[in-house]
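Student: Residue numbers (the numbering used here), protein chains in the order written: chain A, 1 to 249; chain B, 1 to 362.
Quick reminder that beta carbons are idealized off the backbone N, C-alpha and C, glycines included.
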Amino acid sequence: MTETKDNIIVVKDLYKFFGDVKALNGVNLEVGRGSVVVVIGPSGSGKSTMLRCINWLEKPTSGEIWIDGKLMTSAPKQLNETRAEIGMVFQLFNLFPHLTAMENVTLAQKVVRGRSKEEAKEIAMQQLERVGIPEKADAYPRKLSGGQQQRVAIARSLAMNPKIMLFDEPTSALDPEMIKEVLDVMLDLASEGMTMVCVSHEMGFTRSAADEIIFMDEGLIVEHTTPDGLFNNPQHDRTKLFLSQILQH
Amino acid sequence: MADKPLIPTGPLEIEDGGISFSKRLNEFPWWFVAIILIAIWVFLIIFTKEFLFNISSEFTNVLNADQVTEQLQAEFAANDITLSSNAKITIKDADKKWEIEDGRTNYFIYAEDQSLEVFSWGEYGQAFDFIKIGLKVTIQTALTAYGFALILGLIAGLGRLSSNMFFNNLARLYVELIRGIPILVLIFFIALVGVPAVVDGLNAFGVWLSDKGVAPLAAVFTAFNNQNISMNARAIVALSVTYGAYLAEIFRAGIQSIEHGQMEAARSLGMSYPQAMLHIILPQAVRNVLPALGNDFVAMVKDSSLVSVLAVRDITQVSRLYAGSTFRFREAYVTLATMYLTMTVLLSLLVQALERRLRSND
Ligand SMILES: Nc1ncnc2c1ncn2[C@@H]1O[C@H](COP(=O)(O)OP(=O)(O)O)[C@@H](O)[C@H]1O
Ligand SMILES: [Mg+2]
Numbered sequence: 001m002t003e004t005k006d007n008i009i010v011v012k013d014l015y016k017f018f019g020d021v022k023a024l025n026g027v028n029l030e031v032g033r034g035s036v037v038v039v040i041g042p043s044g045s046g047k048s049t050m051l052r053c054i055n056w057l058e059k060p061t062s063g064e065i066w067i068d069g070k071l072m073t074s075a076p077k078q079l080n081e082t083r084a085e086i087g088m089v090f091q092l093f094n095l096f097p098h099l100t101a102m103e104n105v106t107l108a109q110k111v112v113r114g115r116s117k118e119e120a121k122e123i124a125m126q127q128l129e130r131v132g133i134p135e136k137a138d139a140y141p142r143k144l145s146g147g148q149q150q151r152v153a154i155a156r157s158l159a160m161n162p163k164i165m166l167f168d169e170p171t172s173a174l175d176p177e178m179i180k181e182v183l184d185v186m187l188d189l190a191s192e193g194m195t196m197v198c199v200s201h202e203m204g205f206t207r208s209a210a211d212e213i214i215f216m217d218e219g220l221i222v223e224h225t226t227p228d229g230l231f232n233n234p235q236h237d238r239t240k241l242f243l244s245q246i247l248q249h
Numbered sequence: 001m002a003d004k005p006l007i008p009t010g011p012l013e014i015e016d017g018g019i020s021f022s023k024r025l026n027e028f029p030w031w032f033v034a035i036i037l038i039a040i041w042v043f044l045i046i047f048t049k050e051f052l053f054n055i056s057s058e059f060t061n062v063l064n065a066d067q068v069t070e071q072l073q074a075e076f077a078a079n080d081i082t083l084s085s086n087a088k089i090t091i092k093d094a095d096k097k098w099e100i101e102d103g104r105t106n107y108f109i110y111a112e113d114q115s116l117e118v119f120s121w122g123e124y125g126q127a128f129d130f131i132k133i134g135l136k137v138t139i140q141t142a143l144t145a146y147g148f149a150l151i152l153g154l155i156a157g158l159g160r161l162s163s164n165m166f167f168n169n170l171a172r173l174y175v176e177l178i179r180g181i182p183i184l185v186l187i188f189f190i191a192l193v194g195v196p197a198v199v200d201g202l203n204a205f206g207v208w209l210s211d212k213g214v215a216p217l218a219a220v221f222t223a224f225n226n227q228n229i230s231m232n233a234r235a236i237v238a239l240s241v242t243y244g245a246y247l248a249e250i251f252r253a254g255i256q257s258i259e260h261g262q263m264e265a266a267r268s269l270g271m272s273y274p275q276a277m278l279h280i281i282l283p284q285a286v287r288n289v290l291p292a293l294g295n296d297f298v299a300m301v302k303d304s305s306l307v308s309v310l311a312v313r314d315i316t317q318v319s320r321l322y323a324g325s326t327f328r329f330r331e332a333y334v335t336l337a338t339m340y341l342t343m344t345v346l347l348s349l350l351v352q353a354l355e356r357r358l359r360s361n362d
């Protein structure tokens, strides 16, 4: 095995088929500890599937995923332990609607991490402050705006002290005026050295936060480059076409 | 509820305040008012007392002293009523109101200007008085069976969603088997075939255990005896097993109504499947299906009348006994029907109130 200590995520020859649909066609990826990788690509190119395979929400058809030097398998105990180390932020937030913001952030801490009620609350409050909405601790998700819900969702993941954060289009379901509040939280996280893999087409965020950029198309990583390389010197025609399409807006 | 989008879609909708009078008239639940009126009317009949005869006001002191004197007995005998000497007199209001309890018959005596008037329950009242002894069994059977059915239903509902093919098919077999057989047949079958078979099985297992030398544990299994398992208990088993299959479908639908993203979010935080079910999915699912569960409880209260075929003395069975021994079919069954109607209407109202509360909480 060749993975070096610095690569906290290693994806090898990852294939994922849904029946006849080949969502991933042999993806190889290494993510260094503390680096921020932004994934872009047209709709249906397999970005979400790759992210979801990394924490095994989708079981790969074949291939290997190594998280912090450990091979992911379906063994339930190891799976739960590894997932607790990987925060995931969804496009539609997926907050638990029957729980308050505070309860959303404390539940997994207690159930998975075995923290006491007081400790979980304290950590939850720190995280809610970090994402800027401590005053909404007792509010139910339905009383929160989209941007606030997404920030609670981020706090919920962060409270588990993950080593990795995965973001799947975290701002694409938000009204434009709320996008910035979520991106600001993500920028802070990036500057604090969190390892992040973000599917996002927010080019401002990409420019200022990304260490690396991946362009995916048809289940493959077509281009793996830096923000500079992407904006000033894209290699592939498909990348150029895609960039011209999204930068038009 | 669950079908509400998480993301606010637009400005708050303001409810139309000006519903037209004719529309309100159309939507008024006349049928419900009719049911209430019928129930009130029947209960008025049931609780109306029947005038029997007058006795002299000289008996006031006798009654106040709680004594069944020979004179009093003679007075009753003159009106073709035998009053036993150990009948019990209760003073409801000294000098004015008394009640005499003679075996299963009650007499009510009220002081009038010149005399005392003796009443008894009317024929409907007597029927009710007799039938109400079955209420306890009906309520006990329905409540206990529903409790077990909830547990069975939850397990089978989870089984129907399990990715483990064995449990999945087992749950499916259970649900489809039960739903394909009429309840009346199931009650006969489970009470008279299923329960004895299981008991025999347990006994055989106990014997096998004691052969293996595990005597204390074996005693637990050989202790079951078909003769000791009352028909009431069998009726409860039969109703539980039957309704478990119906509730399983409700639980399954409730769990499936929760967006997949909820399970994914829970699992992505490191929760196991059971943890996610317990903390995230079930609380939301149960909330969504509470009205449906309530409706099935109402249905079970009605279906509990079927256990009368096992000679369990619920209100139906007691009514049959009453009608059979007195030939007062009309009184017996009017009273019985009204009792069920009252229970189901009250329970339905409760379910509706619960539903409204859940909706306003959203
Ligand atoms: N659960 C699924 N079942 C069937 N097909 C799926 C499923 N998830 C994704 N796909 C298919 O896999 C392909 C890649 O999807 P996805 O990873 O969601 O793309 P992206 O996130 O880049 O838009 C698409 O063709 C999509 O239709
Ligand atoms: Mg996607």
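#1: On a CA-only basis, which of B:Phe108, B:Ala78, B:Asn79 and B:Gly294 is nearest Ile89 (chain B)? Give me that one, please.
#2: Within its chain, find whatever has a CB closer than 7 angstroms to the CB of Val31 (chain A); leave out the 5 residues flanking it on each side and keep chain order.
#3: Could you check what DSSP says for Asp237 (chain A) in three-state terms: helix, strand or coil?
#4: Can you pull the chain A neighbours of Gln275 (chain B), defined as C-beta to C-beta under 7 angstroms?
#5: Considering only residues of the segment 171 to 244 of chain A, which uninterrupted alpha helix (DSSP H) runs meet the minimum length of 4 residues and lie entirely inside it, listed in chain order?
#6: Pick out every residue whose C-beta is nearer than 6 angstroms to a heavy atom of ligand 1: which are they, in chain order?
#7: Less than 7 angstroms between C-beta atoms, sequence neighbours within five positions excluded: which residues of the same chain meet that for Ala292 (chain B)?
#8: Beta carbon of Ala156 (chain B), beta carbon of Leu239 (chain B): below 8 angstroms?
#9: Does DSSP classify Met1 (chain A) as helix, strand or coil?
#10: Which residues of chain A have a Cβ atom closer than 8 angstroms to the Cβ of Gln256 (chain B), listed in chain order?
#11: What is the residue span of the beta strand (DSSP E) that Phe18 (chain A) lies within?
#12: Tell me which residues share the same chain as Arg156 (chain A) and place their Cβ nearer than 6 angstroms to its Cβ, disregarding the 5 neighbours each side in the sequence.
#13: Would you say the beta carbon of Glu202 (chain A) is closer than 7 angstroms to some non-hydrogen atom of ligand 2?
#14: Going along the chain, which residues of its own chain have a beta-carbon closer than 8 angstroms to the beta-carbon of Arg104 (chain B), five neighbours each way excluded?
#15: Quick check on Ser360 (chain B): does DSSP put it in helix, strand or coil?
#16: I want to see whether chain A comes within less than 8 angstroms of Arg359 (chain B), judged by CB atoms only; does it?
#17: Using beta carbons (cut-off 8 angstroms, strictly below), is Glu81 (chain A) in contact with chain B?
#18: Please identify, using Cβ separations under 8 angstroms, the residues of the segment 93 to 109 of chain A that lie next to chain C, in order along the chain.
#19: Does DSSP put Pro8 (chain B) in a helix, in a strand, or in coil?
#20: Using only alpha-carbon positions, find the residue among B:Thr335, B:Tyr340, B:Ala353 and B:Thr326 that is nearest to Ser305 (chain B).
#21: For Pro291 (chain B), decide whether its Cβ has a neighbour in chain A, counting only Cβ atoms nearer than 8 angstroms.
#22: Taking only beta-carbon atoms, is Ala84 (chain A) less than 8 angstroms away from chain B?
#23: Excluding the five sequence neighbours on either side, which residues of its own chain have a C-beta within less than 7 angstroms of the C-beta of Val318 (chain B), listed in chain order?
#24: Can you tell me the Cα-Cα spacing of Thr242 (chain B) and Ala266 (chain B), whole angstroms?
#25: Are the beta-carbon atoms of Cys53 (chain A) and Leu14 (chain A) separated by less than 8 angstroms?
#26: For Val309 (chain B), report the span of its beta strand (DSSP E) as first-last.
#27: Relative to the C-alpha of Asp66 (chain B), which residue among B:Lys97, B:Thr342 and B:Ser325 is closest?
#28: Does any heavy atom of ligand 2 sit closer than 7 angstroms to the C-beta of Asp168 (chain A)?
#29: For Thr171 (chain A) versus Glu202 (chain A), is the C-beta distance shorter than 8 angstroms?
#30: Have a look at the DSSP bridge pairing and note the partners of Glu50 (chain B).
#31: What residues in its chain sit with their C-beta under 6 angstroms from that of Ala253 (chain A), if we drop five residues either side in the sequence?
#32: Asp95 (chain B) to Phe51 (chain B), Cα distance in whole Å?
#33: Taking DSSP's pairing of strands, which residues face Tyr110 (chain B) in a bridge?
#34: Is there a Cβ from chain B that is less than 8 angstroms from the Cβ of Pro76 (chain A)?
#35: With DSSP run on the structure shown, which of helix, strand or coil describes Trp208 (chain B)?
Tutor: On the basis of the coordinates in this document:
#1: Nearest option by C-alpha distance: B:Phe108.
#2: Contacts found: Asn7, Ile8, Ile9, Val37, Thr195 and Val197.
#3: Helix, per DSSP.
#4: Under the 7 angstroms cutoff, chain A gives Val111.
#5: Fully enclosed alpha helix (DSSP H) runs of 4 or longer: 176 to 191, 203 to 209 and 227 to 232.
#6: Here the residues come out as A:Phe18, A:Val21, A:Ala23, A:Gly41, A:Ser43, A:Gly44, A:Ser45, A:Gly46, A:Lys47, A:Ser48 and A:Thr49.
#7: Taken in chain order, the residues that qualify are Ile250.
#8: In this structure, Leu239 (chain B) does not lie closer than 8 angstroms to Ala156 (chain B) by Cβ.
#9: Residue placement at Met1 (chain A) is flagged as unreliable, the pLDDT there being 45, under the threshold of 50; the coordinate-derived value follows with that caveat. If DSSP states are grouped into helix, strand and coil, Met1 (chain A) belongs with coil.
#10: Result: empty, since nearest Cβ-Cβ is about 16 angstroms, beyond 8 angstroms.
#11: DSSP places Phe18 (chain A) in the uninterrupted beta strand (DSSP E) bounded by Asn7 to Phe18.
#12: Contacts found: Asn104 and Val105.
#13: Not so, every heavy atom of ligand 2 lies at least 7 angstroms from the Cβ.
#14: Residues of the same chain with a CB within less than 8 angstroms of the CB of Arg104 (chain B), apart from the 5 flanking positions on each side, are Asp129 and Phe130 in chain order.
#15: DSSP places Ser360 (chain B) in helix when its eight states are reduced to three.
#16: For Arg359 (chain B), the answer is no, since every Cβ of chain A falls outside 8 angstroms of its Cβ.
#17: Yes, because at least one Cβ of chain B sits closer than 8 angstroms to the Cβ of Glu81 (chain A).
#18: Here chain C cannot be found, since the structure's protein chains are A and B.
#19: The predicted model places Pro8 (chain B) with a pLDDT of 45, which falls under 50 and marks its position as unreliable, so this point remains unresolved.
#20: For the residues B:Thr335, B:Tyr340, B:Ala353 and B:Thr326, the minimum Cα distance to Ser305 (chain B) belongs to B:Tyr340.
#21: Judged by the 8 angstroms Cβ criterion, Pro291 (chain B) is not in contact with chain A.
#22: Cβ-Cβ to chain B under 8 angstroms: yes for Ala84 (chain A).
#23: Around Val318 (chain B), the same chain offers Phe130, Ile131, Ile133 and Gly134 as residues with beta carbons nearer than 7 angstroms, after the five sequence neighbours per side are excluded.
#24: Straight-line Cα distance between these residues: approximately 33 angstroms.
#25: Yes. Within cutoff.
#26: Premise fails: Val309 (chain B) is in no beta strand (DSSP E) and is neither H nor E.
#27: Nearest to Asp66 (chain B) by C-alpha distance, out of B:Lys97, B:Thr342 and B:Ser325, is B:Lys97.
#28: Flag set: Cβ of Asp168 (chain A) near ligand 2.
#29: Yes, Cβ-Cβ distance for Thr171 (chain A) and Glu202 (chain A) is below 8 angstroms.
#30: Answer by DSSP bridge pairing, in chain order: B:Ser120.
#31: The first residue shown for chain A is 1 and the last is 249, placing residue 253 (chain A) beyond what the model contains.
#32: Taking the straight line joining both Cα atoms gives about 19 angstroms.
#33: BP columns for Tyr110 (chain B) point to B:Lys97 and B:Glu117.
#34: With 8 angstroms as the cut-off, Pro76 (chain A) counts as an interface residue toward chain B.
#35: The three-state secondary structure of Trp208 (chain B), taken from DSSP, is helix.
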